[in-house]
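In our numbering, the protein residues as written are 101 to 729. We treat Cβ as the ideally placed atom computed from N, Cα and C, and that holds for glycine. Everything below concerns the one structure shown next.
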């Protein structure tokens, strides 16, 4: 039988000067649910007024005194605890769908919260408030993703203090034991960032007051090993990290730059830069500055003196590109294309020429899609026109890039109402391309895109016709394998899937072993931010449908196992994770079901039969409710 909680003093509203009320018995549900977190940016479960009185308040049964508030069905909503038994609440916990997502902590037991922690599906942030004024003074723990979200918040609010607490502190810099010169250089950069942020935030126009962080983007973190630059231990670093945001109905990017890990926290070392403010997102960084590897990219046949001079020019241009302002990039990209074109013209064999032309096309197409070479699409068309009848294979390669590049150019800067027309042009262009080059590998890729578009339009019969054609005409090729898997997926409702694989830690797995339980099959990757957002909701659903035996199986389609393993180490998930080398393009697990976009989820019933072959996260609660009745 639960014992009665000791007499507690409970603040009705946690604030700088909390109003205190003495309860000889547990408070009424309405009073308990009236308590709010100190921090405003907390997403927790609220109860409709009509359901408040049906909630229950019960004594804690354990080492702490206090109360829990639950819904009528027993889902926990709040927990208020006295952890040191001084008859005062010092821990205020808030839940969402039964998962604790936030707590205010009074660690010195003086009646005022001095720590704020986001937990569970809400992230990892742990803020410290030394003067107990309700404002976070420093982050004890914060992930790289959350740092970029805070950057957007600081820019939107013009809050220099919020930005400054994300920067590497002098004490943290000293703890790295960098060489004196390097430490001085880095310290000056951090100090300058703190000083200049207020003016920068006021000057920039892209991140408006209502801007919302959308996602984090960065390549795999790197390690600066102990001994480098005087370091006494390894330093884990993200370079060229980007924060995606939405403001006034428009999407944008903020280049946050370099992030370093110090203990449990990630820190900034410089001012952010906003794409469009005379720069673009590109690979650059403080510790690692990746450049195009011109030497390794040079095909055979470039050994002559004239060719070597051209290669040297490429190296100079690549150096300039890594440091250039946005206004300089079109000229530099055009210059790079000029040099590669000369190398193609000087090639001594057809094979060498084709290799140089493909590099030229790849270079121009990448610059066009980055928005750094507006004239690049016309250049690609000119290259295509210069190819003869005997160059059909190369011509198909070029023309496919022309369509992709022009599509990206049309989308860039377009308004939402323009999208249907752009999409119509894109699909017509792909259809014409297939007619002209129907037996080439690029035609297979084009048909996959056409099939996928029909999936998005919910025209599955049309999608299946395209997928079956690709599966037949490109059997044994990558496009054919992907299409055959897509046919399996689209035709899977009401059928059992024979999914087998290896978990990320090397164990054998068979989906059939989960018969008798509902299953969500979730395809994801570390570079897919919506996938990560889905994971938070999946944790909530797993807790909610625990009694029904809900199982979740994740399938990582990262290219490298190490990427998925590192993410899961930092963000542990309580369900099986499968992995197979090859990424979304060529891993067996992705191809067996024709997965081309992320996130992709399938819902499977207790009999092991597919209920939905492409269920959305917003539909899952309703679908699971119906499935588990």
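Check, Outcome
"Quick one, which of 337, 238, 150 has its alpha-carbon nearest residue 361's?", "337"
"Go ahead and pull the three-state DSSP assignment for residue 446.", "coil"
"Report all residues from its chain with a CB closer than 8 Å to the CB of residue 651; omit the five preceding and five following residues, and keep chain order.", "614, 617, 618, 619, 620, 675, 676"
"Any heavy atom of the ligand PLP closer than 6 Å to the CB of residue 295?", "No copy of the ligand PLP appears in this structure; indeed no ligand is present at all."
"Around the C-beta of residue 656, are 16 or more other C-beta atoms found within 10 angstroms, so that it is buried, or is it exposed?", "buried"
"Under 8 Å: do the region 574-593 and the region 663-675 share three or more Cβ pairs, one atom per stretch?", "no"
"Closest to residue 321 by C-alpha separation, out of 306, 342, 305, would be which residue?", "342"
"Inspect the beta-carbon positions of residue 226 and residue 241 and report whether they are closer than 7 Å.", "yes"
"What three-state label does DSSP hand residue 490 in the structure shown?", "helix"
"Starting from residue 346, follow the beta strand (DSSP E) in both directions and report where the run begins and ends.", "335-347"
"Checking 7 Å against the spacing of the C-beta atoms, do residue 742 and residue 252 come in under that value?", "For the chain, the structure presents residues 101 to 729; residue 742 sits outside this window and is missing."
"Spatial neighbours of residue 547 within its chain, please: CB distance less than 7 Å, with the 5 preceding and 5 following residues excluded, ordered by chain position.", "534, 566, 569, 570"
"Taking all protein chains shown into account, do 16 or more other C-beta atoms lie within 10 angstroms of the C-beta of residue 725, making it buried, or fewer, making it exposed?", "exposed"
"Please state whether DSSP places residue 433 in a helix, a strand or coil.", "helix"
"What is the DSSP secondary structure of residue 659, reduced to helix, strand or coil?", "coil"
"Three-state secondary structure (DSSP) at residue 356?", "strand"
"Buried or exposed for residue 729, please, with buried defined as at least 16 other CB atoms from any protein chain shown within 10 angstroms of its CB.", "exposed"
"Quick check on DSSP: helix, strand or coil for residue 512?", "coil"
"Mapping the DSSP letters down to three states, classify residue 591 as helix, strand or coil.", "coil"
"In chain order, what residues of the same chain lie with their CB nearer than 6 Å to the CB of residue 179, ignoring the 5 residues before and after it?", "168, 193"
"Going by DSSP, what residue range makes up the alpha helix (DSSP H) through residue 532?", "519-536"
"Can you look up residue 691 in the DSSP assignment and give me helix, strand or coil?", "helix"
"If you reduce the DSSP assignment to three classes, tell me which class residue 609 lands in.", "strand"
"Can you give me the start and stop residues for the beta strand (DSSP E) that residue 204 sits inside?", "199-205"
"Roughly how many whole angstroms lie between the Cα atoms of residue 720 and residue 197?", "14 Å"
"Using only alpha-carbon positions, find the residue among 282, 214, 236, 365 that is nearest to residue 245.", "365"
"What residue range is occupied by the uninterrupted alpha helix (DSSP H) comprising residue 248?", "244-257"
"Please report the residue range of the alpha helix (DSSP H) in which residue 83 lies.", "The requested residue 83 does not occur in the structure, where the chain is confined to residues 101 to 729."
"Which one of 275, 717, 509, 429 has the shortest CA to CA distance from residue 631?", "717"
"Alpha carbon to alpha carbon, what distance is there between residue 685 and residue 530?", "20 Å"
"Could you say which of 387, 425, 443 lies nearest to residue 414 if we only look at CA atoms?", "443"
"Is DSSP giving residue 319 helix, strand or coil here?", "coil"
"Counting C-beta neighbours from all protein chains within 10 Å, is the total for residue 263 16 or more, i.e. buried, or is it exposed?", "buried"
"Please classify residue 585: is it buried, with 16 or more other beta-carbons within 10 angstroms of its beta-carbon, or exposed?", "buried"
"Let's test the definition: count the other Cβ atoms within 10 Å of the Cβ of residue 230 and tell me whether it reaches 16, buried, or not, exposed.", "exposed"
"Who are the Cβ neighbours of residue 214 in its own chain at under 8 Å, not counting the five residues just before and after it?", "205, 206, 207, 208, 228, 229, 230, 232"
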